[in-house]
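Below is one structure, written out as C-alpha cells, with a few remarks after it.
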Amino acid sequence: MFRPHPARHINQVLDEALEKLADSVPVEAGTREFHQFAAEKAALLVRLSYSDPAKKKARNDCMSHLRASLSRSAATEASISNIRTH
Numbered sequence: 000m001f002r003p004h005p006a007r008h009i010n011q012v013l014d015e016a017l018e019k020l021a022d023s024v025p026v027e028a029g030t031r032e033f034h035q036f037a038a039e040k041a042a043l044l045v046r047l048s049y050s051d052p053a054k055k056k057a058r059n060d061c062m063s064h065l066r067a068s069l070s071r072s073a074a075t076e077a078s079i080s081n082i083r084t085h
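Those letters in the sequence shown? Residues 0 to 85, per numbering that gives the first Met the number 0, in order.
Printed below as a string of C-alpha cells:
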C-alpha cells in the first residue's frame, strides 16, 4: 500500500540531499547571485584541479555556496536591500 511521505519544507529536503554530496563549510554572506557565481566558479575548479584534496575543497565550497544561495536569508537579502534603497 502506498504511504505518502510526511510534508516537509523544501529547504529541509534540499539540505539533506546536499549534505550527502559534500561537507558543509562556512561561506561569507552575500546575495543569491554572489553565491551562485561562487558555486559556478568552484564547480569549474573541481574540474580543473589535479589533486584529490584540491578537488574535495572545491567540491565542498561549491556545495556550500549552493546551500547558501538556496537559503531563505540569501533569497530575501536582495529584496530587503531593494526596499531600503527605494
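From the three backbone atoms N, C-alpha and C, an ideal C-beta is built for every residue, glycine too.
Since residue i and residue j should fall inside the 8 angstroms C-beta cutoff, what is the C-beta to C-beta distance between them, to a whole number of angstroms?
i     : j     : result
Ala28 : Cys61 : Ala28 to Cys61, Cβ: 17 angstroms. No contact.
So what's residue i in DSSP terms, helix, strand or just coil?
i     : result
Ala53 : helix
Ala6  : coil
Ser70 : coil
His85 : Bear in mind that a pLDDT of 49 at His85, under 50, signals an unreliable position, so the number given afterwards is only what the model happens to contain. Coil.
Ala28 : coil
Ser48 : coil
Cβ atoms of residue j and residue i: under 9 angstroms apart, would you say?
i     : j     : result
His34 : His8  : no
Ala41 : Arg58 : yes
Nearest CA to the CA of residue i: which residue from the options?
i     : options                   : result
Ser68 : Ser48, Glu32, Tyr49       : Glu32
Ser70 : Pro52, Lys56, Pro5, Thr30 : Thr30
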